[in-house]
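Residues 223 to 373 (the working numbering) are what the sequence shown spells out, left to right.
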Amino acid sequence: ITSIRLAGMQPPREVLPALREAAGAREEKRAQISQAEAYRFETESFAESEAAKRRLEAEGFGAEQTERAAGAADRFLAMAEAHKLDRQVDRTRLYLETVEEILAGRRKVIVDRTAPDVRRQIRLGELWSMPLQPATRPADANSSPPEDRIR
223 ITSIRLAGMQ PPREVLPALR EAAGAREEKR AQISQAEAYR FETESFAESE AAKRRLEAEG
283 FGAEQTERAA GAADRFLAMA EAHKLDRQVD RTRLYLETVE EILAGRRKVI VDRTAPDVRR
343 QIRLGELWSM PLQPATRPAD ANSSPPEDRI R
């Protein structure tokens, strides 16, 4: 035998639907594999970029914290040096910080002893003057004003 030629080979009609179903399943398998690989590539790329972003944020946060700590240390050293030179500087600073903390968010009243019948309130940079009732003035010029006049 030198050659064999097969012509017109076709499966029997009874198995044609099964063969078509098998071919469709192979195509669906290839499509799902391709879709899964695309999803894997997309999620890996996103995860890598998110990791790089978080790494950079962490490095930036670390650098910021380091700079803040260095600034706080420099400030502390400068204050310690000023304290060594003059103890009154530290006392004055502590006094001013305490006064600032106590007066924050409150109305301030300036009592001008040279103009005894005028009360001035400082509010957001504006100056308002209100006359006082003569009966509410303190009897002693050196005594502090009554509590209701300070509010």
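Just so you know, even glycine gets a beta-carbon here, dropped at the ideal spot from N, CA and C.
The model shown is predicted, which means the values in this text are computed figures rather than measured ones.
- Less than 8 Å separates the beta-carbon of Leu241 from that of Pro233.
- In this structure, the straight-line span from the alpha carbon of Asp312 to that of Ile324 is close to 18 Å.
- Going by C-alpha positions, Leu238 is about 52 Å away from Ala273.
- Per DSSP, Met231 lies in no alpha helix (DSSP H) segment and is marked neither H nor E.
- DSSP places Ile226 outside any alpha helix (DSSP H), giving it a letter other than H or E.
- Annotated three-state conformation of Ala326 is coil, per DSSP.
- Phe298 and Ala292 have their C-alpha atoms some 10 Å from each other.
- Secondary structure note for Glu286: its alpha helix (DSSP H) is the uninterrupted segment Leu238 to Leu307.
- Excluding its 5 nearest sequence neighbours in each direction, Ala285 has no C-beta neighbour in its own chain below 6 Å.
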